[in-house]
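Some notes on the structure that comes next.
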Amino acid sequence: MSSIWNKAMYFLGLDDESRELDEHEVAATAPASEATGNAVEPPRGRRVEPPAGSRWRPANTEARVETVGVTQATAVRPVPGQESQAEIVVAADFADAQLLADHLRVRRAVVLDLRGTEPDTVRRLVDFASGITYALEGTMQKVAQGVILVAPARTALSEDELRRLADLGLYDLPD
């Protein structure tokens, strides 16, 4: 079994075959080398060469770029976070998870009202919301008892929208 393992290691270039000789092979080769007077060298591992199409390039090669036409220098400015209006999803069963995902995929914040939902369904919906929030690099926060705000990345709700949600009883404004 070990000889198969050693041969596989040698084939992959991970081990030299010269270290693979066990006592039986050494004992069998020692008298033959003394009788002939020639030193028998064990075979060596094979040499590993880099592939022909490697990434190495000669240092004197230069890329040439030709510009045709008039160019203007433009400044790159960061895009501030987008303010949006939240969609309200009152969850009745797990089928409402698709509605949540559809709103998040088109970059709309969702207020997920879980107050009248069964505890097992709440757990499944929160797990689903956590997964899709992670996948879309968004945010998720509890904004009231039984209410969760799920927002896509770089999306914030305006103060007016937060007041509207508070008037509906879906957001607890900080004191």
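Quick note: the sequence shown uses this note's numbering, first residue 109, plus one each step.
Each residue gets a CB set at the ideal place from its N, CA and C atoms; glycine is no exception.
All of these numbers come straight from a predicted model, not from anything done at the bench.
{"Item": "Which runs of the alpha helix (DSSP H), 4 residues or longer, sit entirely within the stretch 202-258?", "Value": "204-213, 227-243"}
{"Item": "Can you give me the start and stop residues for the beta strand (DSSP E) that LEU265 sits inside?", "Value": "263-265"}
{"Item": "Is there a Cβ from chain C that is less than 8 Å from the Cβ of GLU267?", "Value": "No chain C appears in this structure, which consists of one protein chain only."}
{"Item": "Please report the distance separating the alpha-carbon of GLU131 from that of GLY239.", "Value": "Unreliable positioning characterises GLU131 in this predicted model, as indicated by a pLDDT of 49, which lies under 50. A coordinate reading is not provided."}
{"Item": "Is ASP204 closer than 8 Å to GLY254 when the C-beta atoms are compared?", "Value": "no"}
{"Item": "For the candidate residues PHE202, GLU245, LEU120, whose alpha-carbon lies nearest to that of ARG213?", "Value": "GLU245"}
{"Item": "Is the distance from the Cβ of VAL197 to the Cβ of LEU207 below 8 Å?", "Value": "yes"}
{"Item": "Do the CB positions of ASP201 and THR229 come within less than 8 Å of each other?", "Value": "yes"}
{"Item": "Compare the C-alpha of ALA261 against each of LYS115, VAL218, ASN114 and name the closest.", "Value": "VAL218"}
{"Item": "With DSSP as the reference, identify every bridge partner of ILE196, one or two as the case may be.", "Value": "VAL219"}
{"Item": "Please determine whether the Cβ atom of ALA194 lies at a distance below 7 Å from any heavy atom of the ligand SAH.", "Value": "The ligand SAH is absent from the structure shown, which contains no ligands of any kind."}
{"Item": "Between which residues of its own chain and MET248 is the CB-CB distance below 8 Å, once the five residues before and five after are set aside?", "Value": "ALA237, SER238, THR241, ILE256, LEU257, VAL258, ALA259"}
{"Item": "If we ignore side chains and look at the alpha-carbon of each, how far apart do ALA243 and VAL251 end up?", "Value": "21 Å"}
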